[in-house]
Structure formats: C-alpha cells, structure tokens
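Here is the structure we will look at, set down as structure tokens.
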Amino acid sequence: MTKTDMKNDSSYFKRFFKAITGGSALLMIATFVAVVWANIDHTLYEHTWHDMLTIDVGKFHLKMSWHHWINDGLMAIFFFVVGLEIKREIIAGELSSIKQASLPIFGAIGGMVVPILFFFLFGLSEAANKGWGVPMATDIAFSLGILSMLGKRVPLSLKVFLTALAIVDDLGAVLIIALFYGGELQWTYLIIAGVLLGVLVIANMRNIQDLRLYTFLGFVIWYLFLESGTAGPGSGLHATIAGVLIAFTIPARPKVHVDSFLPRVNTGLKHFGEIPRSAHEIVLSDEQMHAVSKIEYAVRKVRSPLQYIEHQFHGFISLFVLPVFALANAGVVLSAGQDGADVLGKVSFAIAFSLVFGKVIGITAFAWLGVRLGFSIKPVGSSWMSFAGLGLLGGIGFTMSIFIASLAYKGLPDILNQAKIGIFIGSIVAGVVGFYLLKYSLKKDEDMVKNRR
Numbered sequence: 000m001t002k003t004d005m006k007n008d009s010s011y012f013k014r015f016f017k018a019i020t021g022g023s024a025l026l027m028i029a030t031f032v033a034v035v036w037a038n039i040d041h042t043l044y045e046h047t048w049h050d051m052l053t054i055d056v057g058k059f060h061l062k063m064s065w066h067h068w069i070n071d072g073l074m075a076i077f078f079f080v081v082g083l084e085i086k087r088e089i090i091a092g093e094l095s096s097i098k099q100a101s102l103p104i105f106g107a108i109g110g111m112v113v114p115i116l117f118f119f120l121f122g123l124s125e126a127a128n129k130g131w132g133v134p135m136a137t138d139i140a141f142s143l144g145i146l147s148m149l150g151k152r153v154p155l156s157l158k159v160f161l162t163a164l165a166i167v168d169d170l171g172a173v174l175i176i177a178l179f180y181g182g183e184l185q186w187t188y189l190i191i192a193g194v195l196l197g198v199l200v201i202a203n204m205r206n207i208q209d210l211r212l213y214t215f216l217g218f219v220i221w222y223l224f225l226e227s228g229t230a231g232p233g234s235g236l237h238a239t240i241a242g243v244l245i246a247f248t249i250p251a252r253p254k255v256h257v258d259s260f261l262p263r264v265n266t267g268l269k270h271f272g273e274i275p276r277s278a279h280e281i282v283l284s285d286e287q288m289h290a291v292s293k294i295e296y297a298v299r300k301v302r303s304p305l306q307y308i309e310h311q312f313h314g315f316i317s318l319f320v321l322p323v324f325a326l327a328n329a330g331v332v333l334s335a336g337q338d339g340a341d342v343l344g345k346v347s348f349a350i351a352f353s354l355v356f357g358k359v360i361g362i363t364a365f366a367w368l369g370v371r372l373g374f375s376i377k378p379v380g381s382s383w384m385s386f387a388g389l390g391l392l393g394g395i396g397f398t399m400s401i402f403i404a405s406l407a408y409k410g411l412p413d414i415l416n417q418a419k420i421g422i423f424i425g426s427i428v429a430g431v432v433g434f435y436l437l438k439y440s441l442k443k444d445e446d447m448v449k450n451r452r
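Each residue of the sequence shown is one higher than the last, beginning at 0 in numbering that gives the first Met the number 0.
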C-alpha cells in the first residue's frame with residue numbers, strides 16, 4: 000500500500016468516525032427523555048408506542064404497533080447500513096485481509112464468548128436465561144463517541160481497532176438474532192425471499208446499478224421476512240436480517256474507475272470550453288448540455304452504489320433512527336410495578352456484570368492471544384492497558400443490547416425492565432471506567448514513546 004493510499008484510507012476513516020459519533024449527544028437526550036417519560040406516566044409511554052398503525056394499499060396490508068414499526072422497520076434500515084459497512088470493510092477496509100482483520104476479529108470473538116459465559120454463570124431461570132445474547136453486543140455510536148472525547152491523543156490504530164471490533168461484533172449479533180431469536184417459520188415466504196435475493200446477487204454480479212431495482216425488491220424481501228412467522232408480523236426470522244442480506248447485494252464497483260475519472264472530467268471540460276458561444280446567451284446550447292452531462296455522469300458513477308448509499312444514510316441513522324429507537328425502547332421504570340415486581344433483579348446484575356467484566360476480559364485476553372499465537376500484530380506504542388480501556392468501551396451495549404433484550408424477553412415486561420436497567424448500569428460503568436483508564440494509559444503510552452527517543 001502506498002503512502003497516498005494510506006492517507007486516503009486515513010482520511011476516509013476520519014470522516015466515517017466523525018459521522019458515526021455525530022449523533023451520540025442526540026441519542027443520550029432521547030434516552031433521558033424516554034426514562035423521564037416512562038417514570039412520570041408509564042401508562043401513556045406504553046400506550047403511545049403500542050398504538051397500532053395500519054398501512055393498507057391494494058393487496059398490501061400491514062398492521063403493527065409503532066413499537067414494531069420502529070424495531071422491525073427503522074431498525075431494518077439501521078442494519079442495512081451496518082451490512083454496507085461490513086461489506087465495505089471486507090472488500091477494501093480493515094477486514095480486507097487476515098493480517099488487518101485478525102486483531103479485531105480475535106478481540107470481537109472474545110468480547111462475545113466471555114460475556115455469554117459470565118451470563119450463564121449466574122444460573123438464571125429458563126425464562127431469564129433467554130437473554131444470554133444481550134451482553135455480547137457493542138454500541139458502535141456510543142463507544143466511538145466516548146473515544147472521541149479523548150481527542151487527538153487516541154492513535155488512529157486504536158480507533159480503527161475499536162471500529163472494526165464493533166463491526167465484527169455487529170455481524171455476530173446479526174447471526175445470533177437470525178439463529179436464536181426467531182419464532183416458527185413459514186418457509187414459503189423465506190424461499191420466495193431467497194429467490195429475490197438471488198436476483199439481486201445476479202444484478203450485482205452484472206454490475207447493474209439501478210437503485211430502483213434494489214429498492215423495490217429490497218422492500219419486498221423485507222416484507223417477506225416480516226411475514227415469515229406463523230404468529231403474525233415480526234414473529235419469524237427478524238426483518239432486520241433482511242436489511243443485512245440486501246446490503247450485501249449492493250454493488251461495490253463504480254461504473255467509472257477512479258483512474259479514468261480525471262481524464263473523463265478533463266475531456267468534458269475541454270470539450271465544453273471549445274464549444275463556440277455568444278456573450279448574449281443565457282441558457283446552454285444542446286452541445287454544451289451534452290458536455291455537462293458527460294461530466295455529471297463521471298461524477299455520479301465514480302462512487303459505487305454502496306459508498307453512495309452509505310454516505311447518504313449515515314446522517315439519517317445517527318440523527319433520526321437511533322434516537323427514535325431509544326425513545327421507544329429505553330423507557331425503564333425505576334420503581335416497583337403495581338404487582339410489586341423488583342426493579343433490580345438477578346437479570347440486571349448478570350447483564351451489567353457480563354457487559355463490564357466479560358467484555359474487558361474477553362476483548363483484551365483474546366487480542367493478547369492473537370498476538371501471542373502470531374496471528375496478529377499489536378500497534379506500536381500502544382499498551383495492553385489501553386486495549387483494556389477499549390475493551391471496557393466495548394462493554395457499552397446500549398442500543399444493540401436493548402434491541403436483543405426486546406427480542407429475548409418479548410412478552411416478559413418485568414424481566415425486560417430489569418434487563419434494560421442492567422444494560423444502563425453496565426454501559427455507564429463500562430463507559431466511565433473505560434474513559435478514565437484510557438485517559439491514564441494513553442498518557443503513559445505517550446511518555447513511554449518519548450522516553451524511547
């Protein structure tokens with residue numbers, strides 16, 4: 000890789016890092032509003048989000064609560080963007096080679112396996128044990144948001160590690176949701192969805208870039224996944240899985256290769272400049288319009304559909320989808336319910352403990368193991384204490400953890416409330432301790448590098 004390529008990759012990552020952390024403050028505000036609202040008038044909070052919304056257009060009929068529209072609809076868009084990020088990282092990013100990907104992959108595996116083991120050690124009841132997938136999740140927006148508070152002191156290599164780790168973690172969460180948190184299936188719907196996905200795969204292989212095709216068939220595939228359960232919409236294979244699968248079919252190759260972009264644009268500009276024109280003309284001539292169209296085509300097609308969509312959706316995800324999800328899902332009740340249900344229970348402690356200690360031990364130990372076995376290389380100038388700080392930030396489950404908890408404890412409101420409180424406690428502790436540990440360790444890393452010079 001040339002220095003120019005490394006500079007471009009660094010610049011792209013910094014833009015991505017800024018985009019993904021931009022909505023963290025709004026996410027915090029939405030969470031705070033949800034908690035206050037749920038405790039001031041819990042009945043109104045529940046009634047608002049469980050009010051039904053029906054869309055009936057011709058043969059298309061779908062009736063779900065606002066809560067389901069958000070969790071099965073808006074979150075499908077979120078997972079679609081996650082799928083785009085995973086595909087980009089695999090094709091040309093931090094997961095594009097074993098050498099690049101091995102360290103965050105080892106860390107992510109540890110960050111999923113160890114929290115699950117810790118959770119099972121609490122010996123919960125059968126119903127409560129369904130939430131074993133909750134502490135394995137990492138909230139990429141919050142974890143990177145806290146990392147960004149440390150400013151330029153954080154080496155780019157550590158930012159890349161945490162981002163790649165969170166992306167691999169998201170992929171693991173998607174697989175867990177697909178395999179363990181679905182209901183009984185209507186296979187006819189899934190077979191049809193599979194055929195349509197095959198059509199999109201063929202379109203991708205032929206580099207067909209008409210986004211109307213992917214949008215229309217993508218919507219149909221999402222609907223089929225939504226209706227795949229025998230107990231009604233949202234009861235089968237979760238619709239968010241469709242978002243990831245559709246993302247993998249989006250073309251990543253541009254129509255105009257980057258090497259031919261400047262020659263095309265320069266040729267178009269030269270042609271435009273050579274066209275005779277009158278000083279009194281107000282509008283462009285047909286020949287001038289033709290030259291401008293060629294330039295516009297090069298500008299549009301130098302970006303692949305994958306990069307174009309990902310860029311367009313980041314703001315929508317961070318500034319709308321995730322805050323709305325938090326508003327509809329983060330409303331935990333901080334006092335005992337009418338039936339005397341406990342606010343803090345064994346589930347709360349199991350999730351909080353697993354998020355904090357499971358993540359930091361799993362991520363740090365497995366990353367160390369990867370380096371020790373010779374599969375990975377630790378960034379120069381970064382101590383294992385700094386990796387422990389990153390491991391703690393990986394314990395900020397929040398959005399993803401709440402999402403998995405809502406699937407695991409569907410129909411069990413008291414346990415779900417305890418799970419949310421555990422997620423809150425674990426995420427806050429992991430975030431605060433991780434921030435101060437990194438602040439201390441990064442200063443020591445800087446001093447160590449200076450002393451070596």
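From the three backbone atoms N, C-alpha and C, an ideal C-beta is built for every residue, glycine too.
Delimiting residues of the beta strand (DSSP E) encompassing residue i
i, result
"Thr53", "Met51 to Val56"
"Lys62", "Phe59 to Ser64"
Residue i, DSSP secondary structure in three states
i, result
"His237", "coil"
"Asp228", "Position check: residue 228 holds Gly in this sequence, whereas Asp was assumed. Note: Gly228 maps to strand in three-state DSSP."
"Leu189", "helix"
"Leu184", "strand"
"Asp209", "coil"
"Phe271", "helix"
"Glu125", "coil"
"Ala172", "helix"
"Ala251", "coil"
"Ala100", "helix"
"Arg276", "coil"
"Ser347", "helix"
"Gly339", "Note that Gly339 scores a pLDDT of 44, beneath 50, so its modelled location is shaky; the value from the coordinates is reported in the next line. Gly339: coil per DSSP, three-state reduction."
"Leu318", "helix"
"Thr3", "Residue placement at Thr3 cannot be trusted, given a pLDDT of 48 that sits under 50; the coordinates are not used to answer."
Run of the alpha helix (DSSP H) containing residue i, from where it starts to where it stops
i, result
"Lys358", "Lys358 to Arg371"
"Leu458", "The structure shown does not extend to residue 458, since the chain is modelled only from 0 to 452, so the question has no answer here."
"Ile85", "Met74 to Ala91"
"Ile281", "Looking at the DSSP string, Ile281 is not in any alpha helix (DSSP H), and its letter there is neither H nor E."
"Ser375", "From DSSP, Ser375 is part of no alpha helix (DSSP H); its letter is neither H nor E."
"Ile69", "Neither: Ile69 is in no alpha helix (DSSP H) and is coded neither H nor E."
"Val355", "Val355 -> no alpha helix (DSSP H), and no H or E assigned at all."
"Asp285", "Asp285 to Lys300"
"Phe23", "It should be pointed out that residue 23 corresponds to Ser in this sequence rather than to Phe. Unbroken alpha helix (DSSP H) run through Ser23: Ser23 to Ile39."
Burial state of residue i (16 or more Cβ within 10 Å)
i, result
"Glu84", "buried"
"Asn265", "exposed"
"Leu48", "The amino acid at residue 48 is misidentified as Leu; the sequence shows Trp. Trp48 comes out buried."
"Val194", "exposed"
"Gln311", "exposed"
"Ser440", "buried"
"Met51", "exposed"
"Gly235", "buried"
"Val198", "exposed"
"Asp209", "exposed"
"Met447", "exposed"
Beta carbon of residue i nearer than 8 Å to that of residue j
i, j, result
"Gly171", "Phe365", "no"
"Asp71", "Ala238", "yes"
"Gly396", "Ile362", "no"
"Ile422", "Ala127", "no"
"Glu305", "Leu161", "Sequence inspection shows Leu at residue 305; the Glu mentioned does not correspond to that position. No, these two residues do not count as a Cβ contact at 8 Å."
"Gly369", "Ser101", "yes"
"Gly106", "Leu164", "yes"
"Ala429", "Ile350", "no"
"Phe121", "Ala246", "no"
"Ile240", "Ile308", "no"
Contact with chain C by residue i, beta-carbon distance below 8 Å
i, result
"Arg211", "Protein chain content of the structure displayed is limited to a single chain, and chain C is not contained in it."
Check your understanding: Whole beta strand (DSSP E) runs in the segment 128-169 with 3 or more residues, listed along the chain?
Key -> Correct list: empty.
Exercise for review: At 4 residues or longer, and completely inside the segment 391-446: list those alpha helix (DSSP H) runs for me, N to C.
Suggested key: The qualifying runs are 397-407.
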